[in-house]
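K.L.:
One structure, pasted below without further comment.
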Amino acid sequence: MLVQASLRVDLYEANPSIGRKFLVAGKGGLNLTHSEPLEQFLTRYGARRPQLEPLLKEFGPEQVRQWAGELGIQTFVGTSGRVFPVGMKTAPLLHAWLARLRTAGVTFHPRHAWLGWNPDGSLRFATPVGEISVQSQAVILALGGGSWPQTGSTGAWVPLLTERGIPVNPFQPANCGFDVAWTEHFRTRFAGHPLKAVVLSFTDSLGHAFHQQGEFIITDTGVEGSLIYACSAPLRDELVATGQAVIHLDLAPGWTPARLLERLARPRGSKSISSHLERSVGLKGVKAGLLWEFVPKADFADPEKLVQAIKDLPVPLVAARSLEEAISSAGGLDFAALDEHLMLRAIPGVFCAGEMLDWEAPTGGYLLTACFASGRAAGLGAIEWLRRAGF
Ligand SMILES: Cc1cc2nc3c(=O)[nH]c(=O)nc-3n(C[C@H](O)[C@H](O)[C@H](O)COP(=O)(O)OP(=O)(O)OC[C@H]3O[C@@H](n4cnc5c(N)ncnc54)[C@H](O)[C@@H]3O)c2cc1C
Numbered sequence: 070m071l072v073q074a075s076l077r078v079d080l081y082e083a084n085p086s087i088g089r090k091f092l093v094a095g096k097g098g099l100n101l102t103h104s105e106p107l108e109q110f111l112t113r114y115g116a117r118r119p120q121l122e123p124l125l126k127e128f129g130p131e132q133v134r135q136w137a138g139e140l141g142i143q144t145f146v147g148t149s150g151r152v153f154p155v156g157m158k159t160a161p162l163l164h165a166w167l168a169r170l171r172t173a174g175v176t177f178h179p180r181h182a183w184l185g186w187n188p189d190g191s192l193r194f195a196t197p198v199g200e201i202s203v204q205s206q207a208v209i210l211a212l213g214g215g216s217w218p219q220t221g222s223t224g225a226w227v228p229l230l231t232e233r234g235i236p237v238n239p240f241q242p243a244n245c246g247f248d249v250a251w252t253e254h255f256r257t258r259f260a261g262h263p264l265k266a267v268v269l270s271f272t273d274s275l276g277h278a279f280h281q282q283g284e285f286i287i288t289d290t291g292v293e294g295s296l297i298y299a300c301s302a303p304l305r306d307e308l309v310a311t312g313q314a315v316i317h318l319d320l321a322p323g324w325t326p327a328r329l330l331e332r333l334a335r336p337r338g339s340k341s342i343s344s345h346l347e348r349s350v351g352l353k354g355v356k357a358g359l360l361w362e363f364v365p366k367a368d369f370a371d372p373e374k375l376v377q378a379i380k381d382l383p384v385p386l387v388a389a390r391s392l393e394e395a396i397s398s399a400g401g402l403d404f405a406a407l408d409e410h411l412m413l414r415a416i417p418g419v420f421c422a423g424e425m426l427d428w429e430a431p432t433g434g435y436l437l438t439a440c441f442a443s444g445r446a447a448g449l450g451a452i453e454w455l456r457r458a459g460f
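Take the sequence shown: its position 353, counting from 1, is numbered 422 in the numbering used here, and each next residue is one higher.
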């Protein structure tokens, strides 16, 4: 936006290279955005929809795909409706993006860590040759959240803003895994196993319900993966509020309880319970392992109790995994500190964008899309502000 408006742009980055987290995000296939209707897309931002909706209506899923296309990277819609670059590679998109910015006149300054402001309002940077000061007519901060700090998003910017009275809400893990107190037996047998085609239900203590089919992975310490991430915000909040959160799993979504009961009540003869479960209703491996983990042994002899467990298995979660491990962070710069152009009310001429703002969304391309949308809005806000200020 800024170079298109013929402004001189300098980009400062603490890392030796630009876009480290963008590259990390692409490791499993960069999920740029989502193809669902915009109305549904906007609901993914929950309580922050009012703040993000105007930005996403200007630059949403369609525009993200168009932007990638203009950079020579076509996109496709995966089976889940998620949008990826053709070839699933991130580096070509990042390289094309940076090359276009460079050609347009953006100057990149890697290894420049922003340290705050000097008393005269200039910006302080730590560089390999010592501290430098930079005068600038407008500033856009896009410093990231607090997850995966090894990528550079360390949240070290927080005190630089709070010491100027700007409200920043504490970071919390978002799209994170959870600890479960697995027995040693279950952990050693099933850590790393995916749990496919299950329905996860969760109702918090205020009565808000989550109910979705999907898949996730058993880890050494608990559970993680797309279905868990999708429900991670209410689970995290419930753990913080009450100290406990219990998810309920339907391990056989395609089966009615009556059909399960009919099959399981058939005489099993000399077959073990495990092989009866596998042969009569197809439950084996990690799904059967979960039943043995949480269902009292005596209940396996009672088909009705077994059906109840298969359709509605309670799995207690102990704690959310740490912010450092999470895909993204909740919390950050409070929107109350910003005007509608994402300018800090307390420091005119300073705009903020991306994950450093206090919003959260599930995985599915919603994170990058809102980062792009807010970056664009901050850029346009800066252009407008500079024009008004007569620069
Ligand atoms: C494993 C993983 C997978 C993900 N997958 C997806 C996905 O498929 N789809 C999706 O939509 N989202 C995904 N995300 C989330 C997405 O990557 C982030 O939401 C997005 O990168 C945030 O962009 P940002 O520009 O706001 O911040 P960041 O990408 O975190 O960039 C902030 C930059 O600011 C720099 N910086 C910080 N402080 C300073 C300072 N003081 N001075 C100078 N520079 C500084 C940092 O070094 C960093 O390069 C994933 C994240 C992770 C960790």
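Using N, Cα and C, we set each Cβ at its ideal position, and we do this for glycine too.
(1) Cβ of HIS254 versus every heavy atom of ligand 1: is any distance shorter than 7 angstroms?
(2) Assign PHE240 to buried or exposed, taking buried as 16 or more other Cβ atoms, counted over all protein chains shown, within 10 Å of its Cβ.
(3) Do ALA302 and HIS181 have their beta-carbon atoms positioned less than 8 angstroms apart in this structure?
(4) Taking 7 angstroms as the line, does the beta carbon of TRP251 fall inside it for any heavy atom of ligand 1?
(5) Within this structure, are the beta carbons of PRO322 and VAL376 separated by less than 8 angstroms?
(6) Does DSSP classify HIS164 as helix, strand or coil?
(7) Out of PRO431, GLU394, GLY448, ALA447, point me to the one whose CA is closest to HIS103's CA.
(8) With which residues is GLN282 paired in a DSSP beta bridge?
(9) Taking just the CA atoms, how far does GLY423 sit from GLY221?
(10) Between the Cα of GLU362 and the Cα atoms of THR176, LEU382, SER344, GLU373, which residue gives the shortest distance?
(11) For a test of the three-state rule: what should DSSP assign to SER341, helix, strand or coil?
(12) Please classify ASN187 as buried or exposed, where buried requires at least 16 other C-beta atoms within 10 Å of its C-beta.
(13) Contact defined as beta carbons within less than 8 angstroms: I believe THR311 pairs with SER274. What is the distance between those atoms, to the nearest angstrom?
(14) Is any heavy atom in ligand 1 found nearer than 7 angstroms to the beta carbon of HIS34?
(15) How is the alpha helix (DSSP H) around THR438 delimited, first residue to last?
(16) How far does the alpha helix (DSSP H) with GLN135 in it reach, from first residue to last?
(17) Check whether the Cβ of LYS90 lies closer than 7 angstroms to any heavy atom of ligand 3, and answer yes or no.
(18) Going by DSSP, what residue range makes up the alpha helix (DSSP H) through GLN377?
(19) Say whether chain C places a C-beta atom closer than 8 angstroms to the C-beta of LEU318.
(20) Put THR432 into one of helix, strand or coil per three-state DSSP.
(21) Does GLY199 come out as helix, strand or coil in the three-state DSSP assignment?
(22) In the DSSP assignment, the alpha helix (DSSP H) including ASP273 goes from what residue to what residue?
(23) Please work out which residues of its chain come closer than 7 angstroms, Cβ to Cβ, to PRO197, disregarding the five sequence neighbours upstream and downstream, and give them in chain order.
(24) Does the stretch 345 to 355 come close enough to the stretch 392 to 401 to have 3 or more Cβ pairs within less than 8 angstroms?
(25) Can you tell me whether ASN100 sits near ligand 1, meaning its C-beta is under 7 angstroms from at least one heavy atom of the ligand?
(26) Starting from the C-beta of VAL208, find all residues in its chain whose C-beta is less than 6 angstroms away, skip the five residues before and the five after it, and write them out in chain order.
(27) Let me make sure I understand the geometry here. Which of ASN100, GLY246, LEU99, LEU121 has the alpha-carbon closest to that of GLU108?
(28) Taking the continuous alpha helix (DSSP H) assigned at ALA357, which residues delimit it?
(29) DSSP three-state label for SER301, please.
(30) Apart from the five residues on each side of it in sequence, which residues of its chain come closer than 6 angstroms, Cβ to Cβ, to GLN143?
(31) If you measure between the beta carbons of VAL249 and LEU402, is that distance less than 8 angstroms?
(32) From the DSSP output, read off the bridge partner residues of CYS245.
P.N.:
In brief:
(1) Position 185 of the sequence shown, counted from the first residue, corresponds to residue 254. Result no, Cβ not under 7 angstroms from ligand 1.
(2) In the sequence shown, counting from the first residue as 1, residue 240 sits at position 171. Looking at its Cβ environment, which holds 16 or more other Cβ atoms inside 10 Å, PHE240 is buried.
(3) As a working note, residue 181 is residue 112 in the sequence shown. As a working note, residue 302 is residue 233 in the sequence shown. The answer is no: Cβ separation not under 8 angstroms.
(4) Locating residue 251 in the sequence shown gives position 182, counting from the first residue. Because no heavy atom of ligand 1 lies under 7 angstroms away, the Cβ of TRP251 does not count as near it: no.
(5) To locate residue 322, count along the sequence shown from 1; it is residue 253. To locate residue 376, count along the sequence shown from 1; it is residue 307. Taking 8 angstroms as the Cβ cut-off, PRO322 and VAL376 do not qualify as a contacting pair.
(6) Counting from 1 along the sequence shown, the entry for residue 164 is found at position 95. Three-state DSSP puts HIS164 in a helix.
(7) Along the sequence shown, one-based indexing puts residue 103 at 34. Nearest of PRO431, GLU394, GLY448, ALA447 to HIS103, Cα basis: PRO431.
(8) Residue numbering aside, residue 282 sits at position 213 when the sequence shown is read from its first letter. DSSP output for GLN282 lists VAL268 as bridge partner(s).
(9) For the purposes of this step, residue 221 is taken as the residue at position 152 of the sequence shown. For the purposes of this step, residue 423 is taken as the residue at position 354 of the sequence shown. So the alpha carbons of these two residues sit roughly 14 angstroms apart.
(10) Within the sequence shown, numbered from 1, the residue matching residue 362 stands at position 293. Of the listed residues, the one whose Cα sits closest to GLU362 is LEU382.
(11) Along the sequence shown, one-based indexing puts residue 341 at 272. Reduced to three states, the DSSP call for SER341 is coil.
(12) For the purposes of this step, residue 187 is taken as the residue at position 118 of the sequence shown. Classification for ASN187: exposed.
(13) If you number the sequence shown from 1, residue 311 lands on position 242. If you number the sequence shown from 1, residue 274 lands on position 205. About 6 angstroms separates the two Cβ atoms, so the contact holds.
(14) The requested residue 34 does not occur in the structure, where the chain is confined to residues 70 to 460.
(15) Walking along the sequence shown from the start, residue 438 turns up at place 369. First-last of the alpha helix (DSSP H) with THR438: 435 to 457.
(16) To locate residue 135, count along the sequence shown from 1; it is residue 66. Here the alpha helix (DSSP H) through GLN135 covers 130 to 139.
(17) For the structure depicted, ligand 3 is absent and the ligand set comprises only ligand 1.
(18) Here residue 377 corresponds to residue number 308 of the sequence shown, with the count starting at 1. Start and end: 372 to 380.
(19) The structure shown contains no chain C; it holds only a single protein chain.
(20) The residue you call residue 432 lines up with position 363 of the sequence shown. Reduced to three states, the DSSP call for THR432 is coil.
(21) As a position in the sequence shown, residue 199 is number 130, starting the count at 1. It is a strand residue.
(22) As a first step, residue 273 is located in the sequence shown; it is residue number 204 there, counting from the start. Segment: none, ASP273 is in no alpha helix (DSSP H) and carries neither H nor E.
(23) Locating residue 197 in the sequence shown gives position 128, counting from the first residue. Within the same chain, PRO197 has close Cβ partners ARG180.
(24) no
(25) For the purposes of this step, residue 100 is taken as residue 31 along the sequence shown, with counting starting at 1. The answer is yes for ASN100.
(26) As a first step, residue 208 must be located in the sequence shown, where it is residue number 139. Excluding residues within five positions, the ones whose Cβ falls inside 6 angstroms are VAL419.
(27) The sequence position of residue 108 within the sequence shown is 39, counting from 1. For the residues ASN100, GLY246, LEU99, LEU121, the minimum Cα distance to GLU108 belongs to LEU121.
(28) What you label residue 357 is simply residue 288 of the sequence shown in a count that begins at 1. ALA357 -> alpha helix (DSSP H) spans 354 to 363.
(29) Translated into positions along the sequence shown, residue 301 becomes position 232. In the structure shown, SER301 sits in a helix (DSSP, three-state: H, G or I).
(30) The residue given as residue 143 occupies position 74 in the sequence shown. Once the five neighbours on either side are set aside, the close Cβ partners of GLN143 are VAL155.
(31) As a working mapping, residue 249 is identified with position 180 in the sequence shown. As a working mapping, residue 402 is identified with position 333 in the sequence shown. Cβ distance not < 8 angstroms, so VAL249 and LEU402 don't count as in contact.
(32) As a working mapping, residue 245 is identified with position 176 in the sequence shown. In the DSSP output, where bridge partners are listed per residue, CYS245 has none listed.
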